[in-house]
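Inspection log for the structure reproduced underneath, given as structure tokens.
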Amino acid sequence: MFNRYLLSIFASFLLFSQQSQSDEFIPAEYFACYSNSNSMSMSPSGKYITIVSQPRDSKCDIEPNLQKYVEDDYRGGKLTLYNTENGKTTTLTSGKGNSSVSGVSWVSDERIIFTTSPTNSSAKSIDAYALWGMNIDGTKKKKLFTLKQIQGTIAEPRLTSLLPDEPNYVMVAINDRRGAIADYYKMNVFSGSRKRTAMGPDMGKEEAMFGVVEKSDGTPLAAIGNYRDEWRIWRYFANTDKWEIHFTSKCQTPTFFPLSGFEDKWLVSGQDVTKSKVFNKDNDKSKLFLYDPDERSFELLYEDENYDVGGPTGGCRTAIGGASIDEKTNELIYVSYYGEKPVRLFFDDDVQATNDMLEGAFPDQIVRPVTWNTDRSKVVVSVSSSTNPGDYYYFDKENMILTFLWDRSPWLDRSKLSKQKHIQYTARDGLEIRGYLTLPVNSNGKNLPMIVHPHGGPNTRDTYGYDPYVQFLASRGYAVFQPNFRGSTGYGAYHYISANKQFGKTMQDDITDGVYYLINNGVADKDRIAIFGGSYGGYATMAGLTFTPDLYAAGINYVGVVDLELLQEDSNRNSRRFGYYYDELRLEWGDPDNPEDMPYIIETSPLRQAHKIKSPVLIVHGAQDPNVRLVHARKLANKLDSLGKEYEWYVEPYEGHGFRGEQSTLNLYGKVETFLDKHLN
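So the sequence shown is residues -22 to -1, 1 to 659, counted in mature numbering (1 follows the signal peptide of the UniProt record, and there is no 0).
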């Protein structure tokens, strides 16, 4: 299972592996099969690694039973102990039935705590879920905490820090008093007895906890809440065991989030709110600051002129990134954010040096630390790229030994996968739009059939890396274009806020302008372009077919919205099903109860404007979709029927908002391949 290599010879091994070529077509099931998404935790000394993996062999073997959301051999977590000194593995739990493990933490080199999450139907009572303590030799096993439901939330302990001077104890946060809010305890890892050391913040039922920051001793420092579209930063005072609201701001105004810190200094991401209460060119992007909570002063540490540095992104949704905290010491290791690729800002010179060394060993790959030992001389890293679903390695820095652990998708021949590259173009109103383009491997990149693949959300973004949908499409000869249109996160406040009430308008123009950019640069054949997106991307698909009907030869609407009033009827309008940023959603979608917004909702509705559609559409939906309900697909099909428009219908009865099962995903690939081949080739 594991192979060892000296770092000095690893580069030549990597080159040899990449030179193996094959001209065989990649089977669709290779993209549908679950990857080996194992989770790992290293012991304090680095001698052992616990691995939680699926209780099955590492192979692509799809179970055809569609009535199961997840196949039997992928349910549960098998717990394995790996000895880094001799390479031996020991199975601690089988991962089946009551022995399924969902999370593990080390408390010493001899003892672990882990959570069991049963998979067999007879054990589905909440009482069967528990936190256990056990020595790695299997002795002194003890149930420490039985998970329970509190106010609709599962109550379970979360490790916040080890206590090196008291090896029988750890610091934990447990939400068993109030479901959404955890209090802090010192817990005995052999008996489960505990003593509360700090209370959680006094948030009301309508306030959502978005994050909490703890000090290195595992006690609280600050918390982030959102109450009816208002960000709230809470501060904890240890001397009184009291929390106070330290700062508030409405969504779509400047704010900041604490990431790490001490009593007198916080590391925060966001805007210097002492300079302006509104966004402008100087504070459009989130920056990294050292913040004094007593003086309420900001000292700039780092900024990127093009991207938000983690944390806030101009609204109620947040950018990708944040603080990476050591699971054993609760110390800050790095802050990450997303540019063209992930960026990591290290706060330890030795860790930075280790990272630089590994990035040198894996050129053109994303190297991500997964777990460290206490002194960080040993590390497990994930190595990935757009053509590499992910490899895992153990690195012993002292002895300069790199050990290959496993490949997430060993059935995939990386030489047949297609590289993703970053692109940038200017929208018609001057806004810079960034995105990604994937060209089929071995193509000349000219005059290709192209699939426009807008992301969902819309307040998220596409990122660099392996994407099975993109690679499937590229393997069939299509260029794939992924635009991060306005409203995508991580590009600053203006980019985010300028999407308010712009569904089907400037948001869609950003996509259209990108398509013309690729046509004019000779990449895309103007007569062979389709659009295929899910959720909001499904809306963008239908908007593209409706409002630019001559641009696309076909479209695939995957669990997509077709009408903004219908979307809000699904959520009962006045409910908070879509989260605690209810008011911001009305800024983006329009309010059906406001007569002034109805013209916008009608004008941008693909359902109400479906008479403009000229090209065929494949309608794909999950019958159990709780977010965009099946009524969207049904009403669209009925409307297209009444207009005599061409469409195909595909609904999976046991799937929801996006397909998860291997067999249903494989079925989707088959439908997509046949549909695109019919209309683009």
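Ideal Cβ positions, reconstructed from N, Cα and C, are used throughout, including at glycine.
- In the same chain as valine 82, and ignoring 5 residues on each side of it, the C-beta atoms closer than 7 angstroms to its own belong to Ser19, Thr28, Val30, Leu57, Ile90 and Phe92, in chain order.
- Two segments are said to touch when three or more pairs of C-beta atoms, one from each, lie closer than 8 angstroms; by this definition the region 628 to 643 does not touch the region 563 to 579.
- Taking a cut-off of 8 angstroms for Cβ pairs, the region 294 to 301 and the region 270 to 280 do not touch, as fewer than three such pairs fall below it.
- In this structure, the alpha-carbon of asparagine 420 lies about 33 angstroms from that of glycine 435.
- Under the criterion of beta carbons closer than 8 angstroms, aspartate 154 and alanine 133 qualify as touching, at roughly 4 angstroms.
- With a minimum length of 4 residues, the unbroken runs of alpha helix (DSSP H) contained wholly in the region 467 to 543 fall at 471 to 475, 484 to 498 and 514 to 525.
- Put simply, the backbone Cα of arginine 206 is about 37 angstroms away from that of proline 446.
- Shown here for glutamate 185: same chain residues with a beta carbon closer than 6 angstroms to its own, the five before and five after excluded, namely Gly203 and Tyr205 in chain order.
- Under DSSP, glutamine 641 forms no beta bridge with any residue.
- Annotated three-state conformation of tyrosine 578 is helix, per DSSP.
- Taking the Cα positions, lysine 118 is about 8 angstroms away from glycine 111.
- Counting only residues of its own chain and dropping the five nearest sequence neighbours on each side, glutamate 376 has a CB closer than 6 angstroms to the CB of Ser355.
- Glycine 288 and phenylalanine 123 have their C-alpha atoms roughly 34 angstroms apart.
- By the Cβ-count criterion, glutamine 127 is exposed, with fewer than 16 other Cβ atoms from all chains shown falling within 10 Å of its own Cβ.
- The alpha carbon of lysine 255 has as its nearest neighbour, out of Lys243, Gln32, Leu409 and Pro232, the alpha carbon of Pro232.
- In this structure, the CA atom of proline 461 is about 8 angstroms from the CA atom of histidine 431.
- Listed in chain order, the beta strand (DSSP E) runs fully inside the region 425 to 472 are 426 to 430 and 457 to 462, counting runs of at least 3 residues.
- An exposed status is given to glycine 116, since fewer than 16 other beta-carbon atoms sit within 10 Å of its beta-carbon.
- Under the DSSP assignment, valine 329 falls in the alpha helix (DSSP H) whose first and last residues are 327 to 339.
- Take the alpha-carbon of isoleucine 159 and the one of leucine 125: they are about 15 angstroms apart.
- As computed with DSSP, serine 275 is found in a beta bridge with Asp270.
- Rounded to the nearest whole angstrom, the C-alpha separation of aspartate 272 and cysteine 229 is 24 angstroms.
- Contact between threonine 226 and arginine 210 is confirmed by a C-beta separation of about 5 angstroms, below the 8 angstroms threshold.
- For serine 36 and serine 95, the gap between their C-alpha atoms comes out near 22 angstroms.
- Look at lysine 592 here: in three-state DSSP terms it is coil, with no helix or strand label.
- Under a 10 Å Cβ-count criterion, arginine 406 is classified as exposed, with fewer than 16 other Cβ atoms of the shown protein chains found around its own Cβ.
- Assignment of beta-bridge partners to histidine 599 by DSSP yields Val629.
- With 16 or more other Cβ atoms from the protein chains shown falling within 10 Å of its own Cβ, histidine 657 counts as buried.
- The secondary-structure analysis by DSSP pairs lysine 119 with nothing; it has no beta-bridge partner.
- DSSP, read as helix, strand or coil, puts leucine 70 in strand.
- Per DSSP, histidine 610 lies in no beta strand (DSSP E); the unbroken alpha helix (DSSP H) holding it starts and ends at 608 to 621.
- Contact between methionine 149 and aspartate 195 holds, with the beta-carbon distance rounding to 7 angstroms and staying under 8 angstroms.
- Residue pairing for glutamine 129: DSSP places it in no beta bridge.
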